Ligand code: NAI
Ligand code: MG
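Residue numbers (the UniProt record's numbering): 1 to 355.
Structure, rendered in structure tokens:
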């Protein structure tokens with residue numbers, strides 16, 4: 001039997017509430033599949049921890065997490081702690097510290113999921129965005145000079161290294177090749193005359209190793225328009241950190257909303273644990289009310305199963321979500337129902353059992 005050690009960081013607000021349901025799904029899988037087991041350890045890190053200890057997580061947190069096969073994260077951030085602290089001191093620390101340089105975000109309109117686009121068929125929205133997750137516009141490099149003075153200047157650098165661009169672009173090509181899908185690079189070389197010219201050049205260079213992959217290249221502004229007007233243009237998408245961040249929220253909006261959007265932070269070499277999370281935040285406005293939709297957190301468990309090599313289970317979880325959406329009996333509030341977070345989780349587990 002393969003036993004996987006999962007570090008659970010529920011975090012703040014609805015984070016722990018949705019993670020609880022995701023864990024239920026993993027427990028059920030272990031029960032149904034004698035070949036798979038999970039060991040969980042919960043870590044109480046996040047904003048509450050910060051208010052008590054003056055840090056979002058202990059200094060040796062990465063050392064502690066290193067021993068796990070995966071990190072399962074809810075959400076961090078809460079009123080009272082500045083967002084840049086909660087984001088940089090836990091999420092980005094883990095992403096960077098564990099070299100999770102790939103961010104995988106499926107944008108797939110499941111059967112029964114709401115779509116705000118008129119006249120779009122479900123089959124038209126089915127893509128996977130591969131977002132660069134370690135550098136680019138989020139490298140954290142820059143300076144702030146003459147603070148508060150009339151000549152105040154801020155500079156925010158973008159960092160695009162050859163290694164950083166090549167590895168994410170190659171990952172995307174490999175995926176497109178394996179899944180026999182088209183690959184689209186999204187950049188902005190007309191305006192960003194260093195970083196994006198370089199990105200485009202590397203996209204082309206690496207592409208020479210993959211003559212069978214059909215490729216497209218769009219400027220990010222045009223791509224945003226096509227996400228809405230002709231989403232069927234996209235299958236596998238590769239893009240920079242900032243563009244990927246923005247485009248995947250747009251993607252979430254056209255594919256069922258934030259309650260259904262999941263993301264995986266992957267270290268492909270498996271030198272460090274990868275991290276799976278819903279992409280929504282801690283939703284302080286509904287925390288504690290039982291209204292949070294756990295389906296994004298459940299979808300990220302599906303990504304975790306794919307990553308562990310159990311794609312059959314990954315698919316079964318998605319099928320269960322799809323069934324819940326089409327049966328419409330146990331929908332959470334944001335999808336027009338009245339079921340609690342826990343009731344939605346229980347229904348997913350029941351559907352998994354039935355499949
Ligand atoms: P948010 O995603 O927490 O909430 C935006 C809206 O979506 C709210 O109306 C909320 O009620 C709703 N929503 C979010 N998740 C939901 C769910 N599972 N079910 C039903 N409704 C849901 O974004 P917001 O309000 O901008 O940020 C709140 C806090 O979360 C901030 O402190 C922010 O920094 C943090 N945050 C953390 C993230 C992370 O941990 N990955 C990502 C985004 C924000
Ligand atoms: Mg975002």
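All residues carry an ideal CB built from backbone N, CA and C; glycine is no exception.
None of the values given here were measured: they were computed from a predicted structure.
Next item on the list: Using a Cβ cut-off of 7 Å (strictly closer), state whether residue 205 contacts chain C.
Entry: Given the protein chain composition of this structure (a single chain), no chain C is represented.
Next item on the list: Would you check whether the ligand NAI has a heavy atom nearer than 6 Å to the C-beta of residue 249?
Entry: On the chain shown, position 249 is the one that residue 249 refers to. Residue 249 Cβ: outside cutoff for every heavy atom of the ligand NAI.
Notebook entry, point to check: Taking the alpha carbon of residue 22 as the point to measure from, which residue in 348, 354, 31, 189 has its own alpha carbon closest?
Noted result: As a position in the chain shown, residue 22 is number 22, starting the count at 1. For the residues 348, 354, 31, 189, the minimum Cα distance to residue 22 belongs to 348.
Note to self: So, for residue 105: in the same chain, excluding its five sequence neighbours on each side, which residues have a beta-carbon less than 6 Å away from its beta-carbon?
What the structure shows: Reading the chain shown from its first residue, position 105 is the one you call residue 105. Hits under 6 Å: 129, 248, 263.
Item checked: Rounded C-alpha distance that separates residue 196 from residue 100 -> In the chain shown, residue 196 corresponds to position 196, counting from 1. In the chain shown, residue 100 corresponds to position 100, counting from 1. Using only the alpha carbons, I get a separation of about 22 Å.
Notebook entry, point to check: If you count every other CB in all the chains shown that lies within 10 Å of the CB of residue 8, and 16 or more means buried, which is it?
Noted result: Here residue 8 corresponds to residue number 8 of the chain shown, with the count starting at 1. Looking at its Cβ environment, which holds 16 or more other Cβ atoms inside 10 Å, residue 8 is buried.
Note to self: Quick check: the Cα distance between residue 65 and residue 4, rounded to an integer number of angstroms?
What the structure shows: Taking the chain shown and counting its residues from 1, the one referred to as residue 65 is at position 65. Taking the chain shown and counting its residues from 1, the one referred to as residue 4 is at position 4. Between residue 65 and residue 4, the C-alpha separation is close to 13 Å.
Item checked: Segments assigned beta strand (DSSP E), at least 3 residues, entirely inside the stretch 98-131 -> 102-108
Check: Hey, would you say the C-beta of residue 6 is under 6 Å away from at least one heavy atom of the ligand NAI?
Finding: Residue 6 sits at position 6 when you count from the first residue of the chain shown. Outside the cutoff, so no.
Checklist line | Status (buried if at least 16 other CB within 10 Å, exposed otherwise) for residue 225 | finding: If you number the chain shown from 1, residue 225 lands on position 225. With fewer than 16 other Cβ atoms within 10 Å, it is exposed.
Notebook entry, point to check: Any heavy atom of the ligand NAI closer than 6 Å to the Cβ of residue 285?
Noted result: Translated into the one-based positions of the chain shown, residue 285 becomes position 285. Within the cutoff, so yes.
Checklist line | Selected residue, minimal CA-CA separation from residue 292, among 6, 338, 199, 255 | finding: Counting from one through the chain shown, the residue named residue 292 turns up at place 292. Ranking 6, 338, 199, 255 by Cα distance to residue 292 puts 338 first.
Check: The beta strand (DSSP E) with residue 39 in it runs from where to where?
Finding: Counting from one through the chain shown, the residue named residue 39 turns up at place 39. Counting along the chain, the beta strand (DSSP E) containing residue 39 begins and ends at 36-42.
Next item on the list: Check residue 323 in the structure and name its three-state DSSP category.
Entry: Counted from its first residue, the chain shown places residue 323 at position 323. Residue state, collapsed to three classes: helix.
Margin query: To test your reading of the DSSP string, which unbroken alpha helix (DSSP H) runs of 4 or more residues are found completely within the stretch 243-326?
Written below: 295-307
Next item on the list: Tell me, to the nearest whole angstrom, how far the beta carbon of residue 98 is from that of residue 272; I am working on the premise that it is less than 8 Å.
Entry: Working through the chain shown from its first residue, we reach residue 98 at position 98. Working through the chain shown from its first residue, we reach residue 272 at position 272. That belief holds up - the Cβ atoms of residue 98 and residue 272 are roughly 4 Å apart, short of 8 Å.
Notebook entry, point to check: In or out: residue 144 buried (at least 16 other Cβ within 10 Å) or exposed?
Noted result: The sequence position of residue 144 within the chain shown is 144, counting from 1. It is exposed - the Cβ of residue 144 has fewer than 16 other Cβ atoms within 10 Å.
Item checked: Where residue 89 falls: helix, strand or coil (DSSP) -> Start at 1 with the first residue of the chain shown, and residue 89 comes out as number 89. In the structure shown, residue 89 sits in a helix (DSSP, three-state: H, G or I).
Margin query: Please give the ranges of any beta strand (DSSP E) in the stretch 157-210, keeping only runs that are unbroken, at least 3 residues long and fully inside the region.
Written below: 183-187
Next item on the list: Measure the C-alpha to C-alpha separation of residue 170 and residue 46 and round it to an integer number of angstroms.
Entry: Indexing the chain shown from 1 puts residue 170 at position 170. Indexing the chain shown from 1 puts residue 46 at position 46. Their Cα atoms are separated by approximately 34 Å.
Next item on the list: Would you identify the three-state DSSP class for residue 331, choosing helix, strand or coil?
Entry: As a working note, residue 331 is residue 331 in the chain shown. Coil.
Note to self: When you measure from the CB of residue 344 to every non-hydrogen atom of the ligand NAI, does any distance come out below 6 Å?
What the structure shows: Your numbering for residue 344 matches position 344 in the chain shown. It does not: the Cβ of residue 344 is nowhere closer than 6 Å to a heavy atom of the ligand NAI.
Notebook entry, point to check: Which residues share a DSSP beta bridge with residue 155?
Noted result: On the chain shown, position 155 is the one that residue 155 refers to. Note: residue 155 sits in a beta bridge opposite 143.
Check: With a CB to CB cut of under 6 Å and the five nearest residues on each side skipped, what residues in its chain are close to residue 1?
Finding: As a position in the chain shown, residue 1 is number 1, starting the count at 1. So the qualifying residues of the chain are 35, 37.
Check: Taking buried to mean at least 16 other C-beta atoms within 10 Å of its own C-beta, is residue 341 buried or exposed?
Finding: Stepping through the chain shown from its first residue, residue 341 is reached at position 341. Classification for residue 341: buried.
Margin query: By the three-class DSSP mapping on this structure, what secondary structure does residue 357 have?
Written below: Within the shown structure, residues of the chain are numbered from 1 to 355, placing residue 357 beyond reach of any answer.
Check: Hey, would you say the C-beta of residue 57 is under 6 Å away from at least one heavy atom of the ligand NAI?
Finding: In the chain shown, counting from the first residue as 1, residue 57 sits at position 57. No, the beta carbon of residue 57 sits no closer than 6 Å to any heavy atom of the ligand NAI.
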